[in-house]
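Residue 212 in this note's numbering sits at position 162 of the sequence shown, and the numbers go up by one each step.
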Amino acid sequence: MKEIYFNHDGNIDDLVSYLLLLQAPDIKLLGVSAIDADGYLEPSVEVCRKMTDQFNLRGDKLAIAKSNSRAVNQFPEAWRTASYSFNSLPLLNESGKITTGEAAEPAHLDMIDKLRKAAKPVTLVMTGPLTDLARALEVDPKIETKIDRLFWMGGSLDGHGNVVQVNADGTQEWNAFWDPFAVDRVFQSEIPMQVIGLESSEELPLTNDLKMHWASLRKYPVVDLVGQAYSLLVNPPIQSAQLYFWDVLTTINALYPEVVLASEKRTVKVRTVGNAAGRLEDDENGREITLVTKADKDFFFKKFDELMMQTK
51 MKEIYFNHDG NIDDLVSYLL LLQAPDIKLL GVSAIDADGY LEPSVEVCRK
101 MTDQFNLRGD KLAIAKSNSR AVNQFPEAWR TASYSFNSLP LLNESGKITT
151 GEAAEPAHLD MIDKLRKAAK PVTLVMTGPL TDLARALEVD PKIETKIDRL
201 FWMGGSLDGH GNVVQVNADG TQEWNAFWDP FAVDRVFQSE IPMQVIGLES
251 SEELPLTNDL KMHWASLRKY PVVDLVGQAY SLLVNPPIQS AQLYFWDVLT
301 TINALYPEVV LASEKRTVKV RTVGNAAGRL EDDENGREIT LVTKADKDFF
351 FKKFDELMMQ TK
């Protein structure tokens, strides 16, 4: 049975990813933590507590860890407010109470604790910045031997980023830009990395047809919640840009490796300073990652539906 630790940054794709992990069969979720990046921290943690109360099908013993890591470059405020909207959805608030608690330690220490106690190497899924892992490695470098593989949604190697502001040249992806130094620290480790970059999910757009498909399945509570959540997305991260399932692909890839039709080994480094900070670049002296280059669209959406329709 695969054991997983999940660290995310609280926007809609991250929270839907957690929902799928709660629904997935044949895994054990060791822990979950949220960082104050693409979503505001407090509502992100509350959403996870509420979803754990309602949708923890396997009954994993979970308390949600709250990161105290801080940004080098913070996400735009307009994007981050989605975590508050998600937290207000009626389906999550019908009971009027929250039973699942918060972890006693901040995210990077919670991660260390769960990795140390794990009986076998853990699958680490991260759909936000790498800061909590970088800090964990600084506290206890030995934990890298406890990680079987890191699945990270971050970076871009085709030169097209999603950061549009005055101190960036537009070649970097936001999770890397939030803390380029953390990316560099993780790159110094020997943890095997499967990277889902901006270019990895071009077969997987969020469309109106897909929203209508979910509407037809709203008798399933998880599908209803996911449909409501994605209906909150009015403005894409870059105006006129298409939204893709970057975080959800990362999660489904961790659960079902066969979703990846093509990948390639790349030897890369990250820029940490200047207007290109956060940019991933090919470098013969860099570290090896596996970059996903093509996903199986039909398989992805089949598994997405299956996980959402799981019931007790």
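For glycine and all other residues, C-beta sits at the position ideal for the given N, C-alpha and C.
Would you be able to state if there are at least three C-beta pairs under 8 Å between the segment 203-219 and the segment 150-160?
Verdict: no, contact absent.
Of all Cβ atoms in chain B, is any one closer than 9 Å to the Cβ of M101?
As a matter of chain content, chain B is missing from the structure shown, which is built from one protein chain.
At which residues does the beta strand (DSSP E) containing H58 begin and terminate?
Residues K52 to H58.
Going by C-alpha distance, which of N143, L357, G178 and P230 is nearest S117?
Answer by Cα proximity: G178.
Could you tell me if I288 is buried or exposed, where buried requires 16 or more neighbouring beta carbons within 10 angstroms of its beta carbon?
At I288 the pLDDT is 48, less than 50, meaning the model places this residue with poor confidence; the figure from the coordinates comes in the next sentence. Classification for I288: exposed.
Taking all protein chains shown into account, do 16 or more other C-beta atoms lie within 10 angstroms of the C-beta of M358, making it buried, or fewer, making it exposed?
M358 should be labelled buried.
When you compare only the Cα positions, how much space is there between D103 and L141?
For D103 and L141, the distance between alpha carbons rounds to 12 Å.
Could you give the C-beta distance for L183 and I246, rounded to a whole number, given that I count them as a contact under 8 Å?
In fact, because the Cβ distance is near 16 Å, the residues do not count as touching under 8 Å.
From the DSSP output, which residues share a beta bridge with G209?
Answer by DSSP bridge pairing: none, since G209 is not bridged.
When you compare the segment 272-284 with the segment 225-233, are there three or more beta-carbon pairs, one atom per stretch, that lie closer than 8 Å?
Contact fails: fewer than three Cβ-Cβ distances are below 8 Å.
Classify D208 as buried or exposed, calling it buried when 16 or more other Cβ atoms lie within 10 Å of its own Cβ.
It counts as exposed.
Can you tell me the Cβ-Cβ gap for W129 and D86, rounded? I've got them flagged as a contact below 8 Å.
That belief does not hold up - the Cβ atoms of W129 and D86 are roughly 13 Å apart, past 8 Å.
When the Cα atoms are used, what is the spatial distance from V310 to E249?
When rounded, the distance between both Cα atoms is 13 Å.
Apart from the five residues just before and just after S290, which ones in its own chain have a Cβ nearer than 6 Å to its Cβ?
The predicted model places S290 with a pLDDT of 44, which falls under 50 and marks its position as unreliable; any figure quoted below should be read in that light. Nothing meets the Cβ criterion.
In this structure, does DSSP put D110 in helix, strand or coil?
In this structure, D110 counts as coil in the three-state DSSP scheme.
Using CA atoms only, rank isn't needed, just tell me which of A168, L112, C98 and L174 is closest to N143.
Here the closest residue by C-alpha is C98.
What does P255 pair with, by DSSP beta-bridge criteria?
P255 pairs with Y294.
Please classify R321 as buried or exposed, where buried requires at least 16 neighbouring CB atoms within 10 angstroms.
Looking at its Cβ environment, which holds 16 or more other Cβ atoms inside 10 Å, R321 is buried.
Roughly how many angstroms lie between the CA atoms of I302 and D229, to the nearest whole one?
Taking the straight line joining both Cα atoms gives about 25 Å.
Are the CB atoms of A153 and A121 nearer to each other than 9 Å?
Not in contact: A153 and A121 (Cβ atoms no closer than 9 Å).
Looking at the secondary structure, which residues open and close the alpha helix (DSSP H) in which D355 lies?
From DSSP, the alpha helix (DSSP H) with D355 extends over K347 to M358.
Count the other C-beta atoms from every protein chain shown that fall within 10 angstroms of the C-beta of S206, then say buried if there are 16 or more, exposed otherwise.
That one is buried.
Quick one: measure Cβ to Cβ for T343 and D333, integer angstroms, because I've assumed they're closer than 8 Å.
Actually they are not in contact, since the Cβ atoms of T343 and D333 sit about 19 Å apart, beyond 8 Å.
Exposed or buried, which one is N285 when buried takes at least 16 other CB atoms within 10 Å?
Because the pLDDT of N285 is 49, which lies under 50, any placement of that residue in the model is unreliable, and the question is left without a value.
State the Cα-Cα distance for the pair I77 and E308, rounded to the nearest angstrom.
Cα to Cα, the separation comes out at about 16 Å.
If I measure Cβ to Cβ from P242 and keep anything under 6 Å in the same chain, skipping five residues before and after, which residues do I get?
Only R199 meet the Cβ criterion.
For L283, which of helix, strand or coil comes out of DSSP?
Coil at L283, not helix or strand.
I need the straight-line Cα distance from F227 to P93, nearest angstrom please.
Whole-angstrom Cα-Cα distance: 23 Å.
Here's the rule: buried if 16 or more other CB atoms are within 10 angstroms of the residue's CB, otherwise exposed. What is S145?
S145 is exposed by the Cβ-count criterion.
How many angstroms separate the CA atom of D63 from the CA atom of G204?
Approximately 13 Å between the Cα atoms of the pair.
Here's a check: name, in chain order, each residue in its chain whose Cβ is nearer than 7 Å to the Cβ of S135, leaving out the five neighbours to either side.
These residues qualify, in order along the chain: L282.
Using only CA atoms, which one of W224, L165 and L267 lies nearest to N61?
N61 has its Cα closest to that of W224, out of W224, L165 and L267.
Measure the alpha-carbon distance for Y294 versus T131 and round it to whole angstroms.
About 19 Å.
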